[in-house]
Amino acid sequence: MRLLDLFRTPPPDPLAPLYDAVVARARRPHWYVEGQVPDTTDGRFDVLASVLSMVLLRLEAAPEGSDPAVRLTERFVEDMDGQLRQQGIGDIVVGKHIGRMMALLGGRLGAYREGLAEGALEPAVLRNVFRGEDPGAAPLAHVAGALATFRRALDGVPVATLLSGDLPE
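Position in the sequence shown (from 1) plus 8 gives the number in the working numbering.
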């Protein structure tokens, strides 16, 4: 019977709509044009991890958001694993890369949590998106402002709505 399981369609991932919406949000041109985030693999990862962090912080703020936050993080890991493999990174090294990415995501969560509490995301954005290289006042303000605005908008959205992939503008 297990052989037949190989031919069954896996059940749909309930977090796919939300994760897809997070990825789409991170791919918006304004991050790379007005925000001047480098349009590189690292730059795209930094924006994705930042947008994902805002959603994870919203989910952790709701009692019913705990399990979805864990599953959304797992979805991120699966996506990053697939991306690394597509780039030709082998099995032996993938685990190290994933561990590093998870540490980067965890660091962002802490930095953004702190920055939001203090009302100043710029230091966290400078360190985590621009990797310490000052892009200038306007791009830094754009990225920090866009993330802060997005995070505030998430507060008014029920978890069930988020899970459907309906992110606020």
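Glycine residues also receive a C-beta, built at the ideal position from the N, C-alpha and C atoms.
Alpha carbon of residue 151 to alpha carbon of residue 85, nearest angstrom: Start at 1 with the first residue of the sequence shown, and residue 151 comes out as number 143. Start at 1 with the first residue of the sequence shown, and residue 85 comes out as number 77. Spanning the two alpha carbons is a distance of roughly 24 Å.
Would you decide whether residue 61 is buried or exposed? Buried here means 16 or more other CB atoms lie within 10 Å of its CB. Locating residue 61 in the sequence shown gives position 53, counting from the first residue. The residue is buried, with at least 16 neighbouring Cβ atoms inside 10 Å.
With a cut-off of 8 Å, do at least 3 Cβ pairs link the segment 17-33 to the segment 117-124? no
Assign residue 166 to one of two classes, buried (16 or more other C-beta atoms within 10 Å of its C-beta) or exposed (fewer than that). Here residue 166 corresponds to residue number 158 of the sequence shown, with the count starting at 1. Answer is exposed; the Cβ neighbour count stays below 16.
Please classify residue 127 as buried or exposed, where buried requires at least 16 other C-beta atoms within 10 Å of its C-beta. Taking the sequence shown and counting its residues from 1, one reaches residue 127 at position 119. Exposed.
At which residue ranges does the segment 107-168 contain complete alpha helix (DSSP H) runs of 4 or more residues, listed in the order of the chain? 130-136 and 145-163
On the three-state DSSP scale, how would you describe residue 72? The count along the sequence shown starts at 1 and reaches residue 72 at position 64. It is helical.
Skipping 5 residues on each side, what residues in its chain have a beta carbon closer than 8 Å to that of residue 171? The residue labelled residue 171 in the question sits at position 163 within the sequence shown. Once the five neighbours on either side are set aside, the close Cβ partners of residue 171 are 22, 23, 25, 26 and 76.
Under 8 Å, do residue 163 and residue 33 count as touching if we go by C-beta distance? Residue mapping note: residue 163 aligns to position 155 of the sequence shown, counting from 1. Residue mapping note: residue 33 aligns to position 25 of the sequence shown, counting from 1. Against a cut-off of 8 Å, the Cβ pair of residue 33 and residue 163 comes out as no contact.
Go to residue 26, then tell me how far its alpha helix (DSSP H) extends in each direction, as first and last residue. Stepping through the sequence shown from its first residue, residue 26 is reached at position 18. Element bounds for residue 26: 24-34.
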